[in-house]
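Counting with the numbering used here, you get residues 4 to 156 for the letters of the sequence shown. Ideal placement from N, C-alpha and C gives every residue a C-beta, glycine not left out. In this text the structure is predicted, and so the values were computed from the model without any measurement.
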Amino acid sequence: MSGIEPQTISWGEFSRREPDLALFGAGRLTAAPAYLATVRRSGAPRVHPVTPIFAGHGLYLFMEPTSPKRRDLLERGWFALHSGVPDNEGTGGEFSASGLGLAVDDPQMWALVADAAGYEPPDRYVLFEFRLSEARCHGYGDVPLPDKRKWLV
Numbered sequence: 004m005s006g007i008e009p010q011t012i013s014w015g016e017f018s019r020r021e022p023d024l025a026l027f028g029a030g031r032l033t034a035a036p037a038y039l040a041t042v043r044r045s046g047a048p049r050v051h052p053v054t055p056i057f058a059g060h061g062l063y064l065f066m067e068p069t070s071p072k073r074r075d076l077l078e079r080g081w082f083a084l085h086s087g088v089p090d091n092e093g094t095g096g097e098f099s100a101s102g103l104g105l106a107v108d109d110p111q112m113w114a115l116v117a118d119a120a121g122y123e124p125p126d127r128y129v130l131f132e133f134r135l136s137e138a139r140c141h142g143y144g145d146v147p148l149p150d151k152r153k154w155l156v
């Protein structure tokens, strides 16, 4: 990874600092689909549908070892993650976070996250932790939102 590295924290630390925003965010990110944006070598963005996993004190994603998002994260690290919304009215609101995606090589952590996943990841999958530098939420109509709607590390 190159460039300036932002200050980031784990999802667990974010949850400790901003419990209401984290609870809202976890609810939105696990209401599939969620979308991960990474940065290509050219600097252009790339978007991927993903299934975020909350395990231990972190936010994780499994992926194929040949995935372009893996290469983007290994080379540049930057990510943005955004919840989907089920309709044009934005029912339920939206949540986004950004920061750094870091490869996880610990087999015990891989197993812990695999146990928390809603599916059985193949052994070949690689694991990344997503550490936050920013989080936001937004709602439309009468969506109940946390008092704090924007957080920066």
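Could you give the C-beta distance for residue i and residue j, rounded to a whole number, given that I count them as a contact under 8 Å?
| i | j | result |
| --- | --- | --- |
| residue 23 | residue 151 | 7 Å |
| residue 138 | residue 100 | 4 Å |
| residue 132 | residue 156 | Residue 132 to residue 156, Cβ: 15 Å. No contact. |
| residue 76 | residue 104 | 4 Å |
| residue 119 | residue 58 | 4 Å |
In terms of alpha-carbon separation, which member of the options lies closest to residue i?
| i | options | result |
| --- | --- | --- |
| residue 146 | 131, 19, 127 and 27 | 27 |
| residue 140 | 21, 15, 9 and 118 | 21 |
| residue 33 | 18, 108, 127 and 53 | 53 |
| residue 135 | 35, 126 and 98 | 98 |
| residue 127 | 102, 72 and 113 | 113 |
| residue 39 | 70, 119 and 60 | 70 |
| residue 41 | 117, 73, 143 and 123 | 73 |
Got a sec, what are the start and stop residues for the beta strand (DSSP E) residue i sits in?
| i | result |
| --- | --- |
| residue 32 | Not the beta strand (DSSP E): residue 32 falls in the alpha helix (DSSP H), residues 22–32. |
| residue 119 | First-last for residue 119: 110–119, but that is the alpha helix (DSSP H), not the beta strand (DSSP E). |
| residue 71 | Here residue 71 belongs to no beta strand (DSSP E); instead the alpha helix (DSSP H) covers 71–78. |
| residue 49 | 48–53 |
| residue 56 | 56–58 |
| residue 61 | 61–66 |
Based on the DSSP secondary-structure assignment, which residues constitute the bridge partners of residue i?
| i | result |
| --- | --- |
| residue 86 | 37 |
| residue 101 | 83 and 137 |
| residue 151 | Residue 151 pairs with nothing; no bridge assigned. |
| residue 42 | 48 |
| residue 129 | 66 |
Are the segment 62–69 and the segment 89–98 touching, with three or more C-beta to C-beta distances below 8 Å? no
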